[in-house]
Amino acid sequence: MPEFAPDPMTLAILLPLFGAIAAFLAPRAAPLIGLGAVGAMAAAIAAVGHAVAQAGTVTVPLGGWGAPLGIELRADGLALAMLGLTALIALAVGLGALSAFAGEAPADGQPMPRQRAFFWPLCLLLLTGMNGVYLSADLFNLYVMLEVISLAAVGLAVLGGTVAALRAGLAYMYASLLGALMVLLGVGFVYLQTGRLDFAGLAGAQGSPALSAAFALMLVGLALKAALFPLHFWLPEAHANATAPASALLSALVVKAGLYILLRLAEAGPFPGEAILTLLGVLGTGAVLWGGVQALRAERLKLLVAWSTVAQIGLIFVALARAGTEGLSDSWRAAALLILAHAVAKAGMFLAAGRIKDVIGHDRISELDRSAVRPALAQLAFALAAISLIGLPPSLGFIGKWSLMEGAMGAGNWHWIAVTMAGTLLSVAYFSRALTGFLRFDRVRAPLDEHRGWALADAPPVVLAGLAVGLGLAAGPILAVLDLGRPFGVTP
Amino acid sequence: MTVLLAFDLLLAASIVGLAAATLLMRDAFAMIVAFIVFGMLMALGWARLVAPDVALAEVAIGAGLSGALLLRTLAHLRGGSLSAQGGASVSAPANGATQGVNALLAGLATCALGLAYLGAPQNVPGLEAHVADAMPESGVTHPVTAVLLNFRAYDTLMEVVVLLAAVIVVWQVERGLAETPAPALGTVYQGFARVALPVAVIAGGYLLWIGAEAPGGAFQAGAVLGAVAVLGLLSRHVRPAPAHRPLARGAFVVGTAVFALVALGVAGAGRVAFEYPPAQAKTLILLIEAMVTISIAATLAALFHGRAPVAVSREETDR
Amino acid sequence: MTEATIYGLAGLAVFGLGLMGVLGAADRLRRLVALNLCAGGAAMVLVASSWRPPPAAPDPVPHALVITGIVVMVSATAVALALIRRLYSLETDTDA
Amino acid sequence: MIDMPLLPLIILLTSLGAAPVLLALPERSARLRTGLNLAVAAVKVALVIWLAWKAAHGVVYDLRLSVLPGLDLHLQADPLALMFVALSAVLWLVTTIYSVGYLERGPHRARFFGFFSLCVAATVGIAMAGNLFTFLVFYELLTLATYPLVIHRGTAAALRAGRIYLIYTLAGGLALLLGTLALWGLAGTTDFVPGGVMAEVAAERPGAAQALFVLLIAALGVKAALVPVHGWLPIAMVAPAPVSALLHAVAVVKAGAFGIVRVVYEVFGIDLAQGLGVTGPLIAVAAVTIIYGSLRAMAQDDIKARLAYSTVSQVSYITLGVALASPVAAIGALAHLIHQGVMKITMFMAAGNLAEGLGVKKVSQMDGVGRAMPGTMAAFTLAALAMIGLPPFAGFISKWYLAQGGIAAGQDWVIALLLGSSLLNAAYFLPLLHRAWFRDATPEAANAPARRKISLWLAAPPMITAGFVLVIGVLANAPFSPLEWTRFIVTREFNGGL
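Those protein sequences? They're chains V, C, F and X, same order as listed. The opening position of the first sequence corresponds to residue 1 in my numbering, with each subsequent residue numbered one higher. The opening position of the second sequence corresponds to residue 493 in my numbering, with each subsequent residue numbered one higher. The opening position of the third sequence corresponds to residue 812 in my numbering, with each subsequent residue numbered one higher. The opening position of the fourth sequence corresponds to residue 908 in my numbering, with each subsequent residue numbered one higher.
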């Protein structure tokens, strides 16, 4: 796009990078720099949106070489939706982090508290990686971006510095690294077969053993990163033990990177056939059930929320694999809607859970109803987010589930509808454990103080959770955005 | 030909054997040494595959620096010494059945991948023709450097970002960590270091310069300079202090910052990001390489040193 | 049988061994070394894919990719090691 | 009069918009809350009157928002919708007044009124839903909004009741979701159209159509408390009195019954339903529910439990009338939807006054309460007599039309059913009235100090609604009476059918 100088896609990736550098150099000004960088990134993304709305698909041949020699950035409706989602979540989590990490400002010469000093550089590096993933049209570049995300995400996961967080963080690091290396070897196999690294090269390739091996490797690697059952083992502890803003970023955005790349692979290549799709659906079912059961058994609120991520990811895989008569060219919309819905709701829910933990002083589910202090707004946000995650109307989660079930029904696959229903019932059961704790009062000894601690920190979770519910009404425009540039080569 | 073939087979077998040995060594120190030797042999194999740049990078970074990092950590875990103390050296492996299942799974996967590899078409043309066509406009004459700093410069920028992310995370994780006795060098090595340091600096500069035309370049040069810094740390020629922190931060980011600024700066007037004007391509690439070399060297040294420099007196309050 | 085949298969074997190590290792350090083996194996496959029968020069693109991969891997290794060191300190502190 | 295309949306938004404001108001701003509540409720009644005036002149508002391709959120103010909207708007106003008095100085008032408002918004949405999809959206919203009201007291018992309520209603909601999906898949639309949209499907796949009918009725039957899925209703009466009043009269059970009306008339069409042979079983279920509810009511000593089982029985009149497939029975059914609401709300508010003022919660404690609280008991008595079906009160009118409809449909046994039910009604209501008016208070009750002074906020609402019971019965043939309005609706519904 020579008329832009420099083009907005590159800016969407590099602006957070500059922000990260600045925040690292000047820790004291980090929150200000961070929010500024996120704002600038959002502006760049808006410009990308403008270009995509005009042209459908836009590409930038970085270095002027063009594929296959150079790396191309590419944006279409799907990428745009993810970029917008990332900007939204980053803004909300950033605002939430302001108060979550606010403490006494250190005196001159004293080092900043660890969390305040390091949250922003890592968060901004994470955003660089996320945007890079959405916009990349090159397999090896995706691997590098995944590593940027991995390192930043691990840094965020261990920000709390507790033993539990560090243990979980190390397990996360190993899982993430192994997943990335599998992707790398998969990329090697692709190069062996096609001699190219860009998506376009995949599209033209004939099926072959080497390509099957490549897909198998990338599939397993990405499933590990996206925490698809039974490769989810690293997720619950890592997400539950991180500090709330970090958990929000990890669950809303980071796991989506793997899912997004899978979607892109499915779009570009001769994707493995029906049997693999069924396998994905079955594993997704396993995730829905196992995640649900574990969430029922979780003793802490944040762990419950983390297990629900496992279940919800499973549902997204079920949608991807099974929601449509036309296969992937149909089902990707349901998957995309569920990805967006889960991201917004889960970010709001983690921020709310963090706030509840801050106000009450713990997050043991069995003792939530003993507290005389009730963070009313955070609880409301939690409940709203739960509505969307359960999939009750008119939330975005409901729309996602609806399109999943509609597609499955069209294809006559009633068993996938049964899976969705079972997942819904399980999610009602586990979320109502928390909600009941919020609403029960007869175990409180001290006088109630429901409204103490209204603060700016309540705003981000409430807004996110409200959006998770309200965006269902905007499903039409969201789908219109997703279809820009006709991902998966189909006209709606 | 047959002699070379036999050599290749032997070398490949040794590489695999060392990899297995790495996993089987009971003592952690022996494991790390086996890993380093494995890296050296792998580099030799890559030299046989006519990939000298990669071999250099592997020796310097993959085997060399990774090995140093592993050894330093082992020393930390063993309270300053590298030799095993009592039974704490290696934890017991998982039980036999689990190991068996793992071996079976990994073995099956490997066999499947091997079959797929053998089934892959031989001699599919890669991108070498494209590279050859574009070389005249790249600003450099060495193809690998052209790919790294021009054709796929975006990847390389992100690779430097990964390094930056690593050092940020390491600083964050190790903040307030108590000082452990870093393995100090004996007097003989002290003397060696005194001689080696200047030589290595010169070698690093040379590698950077030569990278434009021959194997070498920013990463190898950065690794060598990083190794210099590591030696400096070990021989106590360099003692990190809080006052160094801003300088260190600057050194970490300068490569990324300059690289990204140049990438954006060249955009406009019909050019996209990373599209250097042909006339200035060589200058810009050299500038980027120099800055990236500084960052790599500083970052690798910092990764070895671990935590951010902290004054001894403040350690307790910081914890 | 060409050089590419020999080293490519060796790379796969190393990757497989690394995979086994990652799955089976009980020790943090060993698991990390096993991951490094995986990386080495994957890199070897890529380098092997770049080889061309002499006198043709090898394809430079995989070389660049592998150099990038090596730097990425050392970064990841350093982070994992920092976590290991920190955990060790915290755990011994609690034990004491 | 100026035209206002967004009127249905505005009516919906009055209570939907008030909810978050009420939730966010600090606990202590009682006056502001009361003022806002009453103002919104009054505005709503005014808007509904305006809407009714337009509707009577044949204007049907129609609003759509596309959610997924081909699938709209659809609000439509047809006469049937309007009937239900009017009922909820009027009774909401009355119940709001009552709640203000009831919850004076109670805890969590912000929460209560917020969800109360949301609950009414959901009811209005259900009423005006122009397709099953929209209906489903508000049906689930209703579940969510009523749950916090049911467990308002926050005790273990309340939470247990809430859990049971949630299990029933969410299971019903899931079934409705499945039914909506199936309808969408089979018929390609979920629109409510007089005469139904299932004709083609039924011709091709009668089995599927029958299964869908069963699924949808079962889903709606949960909220309409049809036997055997009525179990939640008696348990949910742990809720505060105004909540019970609203649940039984307007919101939840009526939403279920109203949904059955929509499904039978406007998804399947009554002819088609008859042709599929599914109305017969529905009549049977309704008949069983009517008798079973009455029998169980007789055995209850707790006043609210007795009223709850009475609701189980009475709401099934609506289902019965709908399934009878005669226009006259339909008039009876729809009129009963309103009549039962007004009667039952009166009785629940009166029961709440007894509990608050005298601590009387059981039938066996009711001796002599007529003298202690004459106004409240007069209202209760009037409603009970109407419920039994004495002329000229409201209950008589609906029973009369139902019986006529039964004859017209060739189902003469319906008369026997209605007579039997009326006898049972008398059997469980008359002893209450007898104790209240003709027995002396037990000594300990007579000496017990009044628990709480019954303010005008509490005393007036049941008397007002008792007045409605009288008026809509006596003036049944006046223009704009519920009966007249239902005649208007039924001519519309049966235009294509009969």
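Don't be surprised by glycine CBs; every beta carbon is placed ideally from N, CA and C.
- At least one beta carbon of chain F lies nearer than 9 Å to the beta carbon of Leu795(C).
- Close to Pro209(V), with beta-carbon spacing below 8 Å, are these residues of chain C in chain order: Leu607, Ala608, Gly611 and Ala612.
- Put simply, the CB of Gln591(C) is far from chain V, with every gap to its CB atoms at 9 Å or more.
- With a threshold of 9 Å between beta carbons, Ile780(C) makes no contact with chain V.
- Residues Val1145 of the same chain have their beta carbon placed closer than 6 Å to that of Ala1064(X), with the five preceding and five following residues left out of the count.
- Here Arg1067(X) is exposed: its Cβ has fewer than 16 other Cβ atoms, across all protein chains shown, within 10 Å.
- Under a 10 Å Cβ-count criterion, Val495(C) is classified as exposed, with fewer than 16 other Cβ atoms of the shown protein chains found around its own Cβ.
- Residue range Glu72 to Ala75 is occupied by the beta strand (DSSP E) that includes Glu72(V).
- Ranked by Cα distance from Pro1281(X), the options Gln1311(X), Phe1345(X), Leu1154(X) and Leu1056(X) are led by Phe1345(X).
- Residue pairing for Gly760(C): DSSP places it in a beta bridge opposite Arg763(C).
- Around Ala242(V), the same chain offers Leu156, Ala157, Leu159, Gly160, Ala165 and Leu250 as residues with beta carbons nearer than 7 Å, after the five sequence neighbours per side are excluded.
- Between Leu1133(X) and Thr1226(X), the gap from beta carbon to beta carbon is short of 9 Å.
- In summary, His1059(X) is buried, with 16 or more beta-carbon neighbours lying within 10 Å of its beta-carbon over all protein chains present.
- Annotation for Ala223(V): Leu231 place their beta carbon closer than 6 Å to its own, counting only its chain and skipping 5 residues before and after.
- Linking Leu1183(X) to Gly1327(X) through their CA atoms gives a straight-line distance of about 29 Å.
- Proximity of Thr879(F) to chain V, defined by a Cβ-Cβ separation below 9 Å, is satisfied.
- In this chain, Pro61(V) is not harboured by any alpha helix (DSSP H); it is covered by the beta strand (DSSP E) spanning Val58 to Pro61.
- With contacts defined as CB atoms closer than 9 Å, Leu923(X) and Ala1017(X) fail to qualify as a contacting pair.
- Interface annotation, Val974(X): in contact with chain V, CB-CB separation under 9 Å.
- For Val463(V), the enclosing alpha helix (DSSP H) covers residues Ala459 to Gly470.
- The DSSP-derived three-state label of Gln1318(X) is coil.
- Look at Glu237(V): its C-beta is not under 9 Å from any C-beta on chain F.
- Within chain X, no residue has its beta carbon less than 8 Å from that of Gly400(V); the closest one is some 10 Å off.
- Burial check for Cys123(V): the Cβ neighbour count within 10 Å reaches 16 or more, so the residue is buried.
- Residue pairing for Arg971(X): DSSP places it in a beta bridge opposite His981(X).
- Rounded to the nearest whole angstrom, the CA to CA distance from Glu1111(X) to Leu479(V) is 33 Å.
- Scanning chain V for C-beta atoms nearer than 8 Å to the C-beta of Val844(F) yields nothing, as the closest lies near 12 Å away.
- Ranked by how close their Cα comes to the Cα of Gly747(C), the residues Glu767(C), Leu776(C), Ala721(C) and Ala761(C) have Leu776(C) in first place.
- Of the other Cβ atoms in all chains shown, 16 or more fall within 10 Å of the Cβ of His622(C); this residue is therefore buried.
- Counting along the chain, Leu496(C) sits inside the alpha helix (DSSP H) bounded by residues Thr494 to Leu516.
- When secondary structure is reduced to three states using DSSP, Val754(C) falls in the helix class.
- The beta carbons of Trp862(F) and Pro869(F) sit about 5 Å from each other, so the pair counts as a contact at 8 Å.
- Within 8 Å of the CB of Ala658(C), the CB atoms of chain V belong to Leu151, in sequence order along the chain.
- Measuring C-alpha to C-alpha distances from Ser1223(X) to each of Ala1212(X), Gly1248(X) and Ile1210(X) identifies Gly1248(X) as the nearest.
- Taking a C-beta distance under 9 Å as the contact criterion, Gly466(V) and Ala381(V) qualify as a contact pair.
- Taking CB atoms only, Thr1062(X) has a neighbour in chain V less than 9 Å away.
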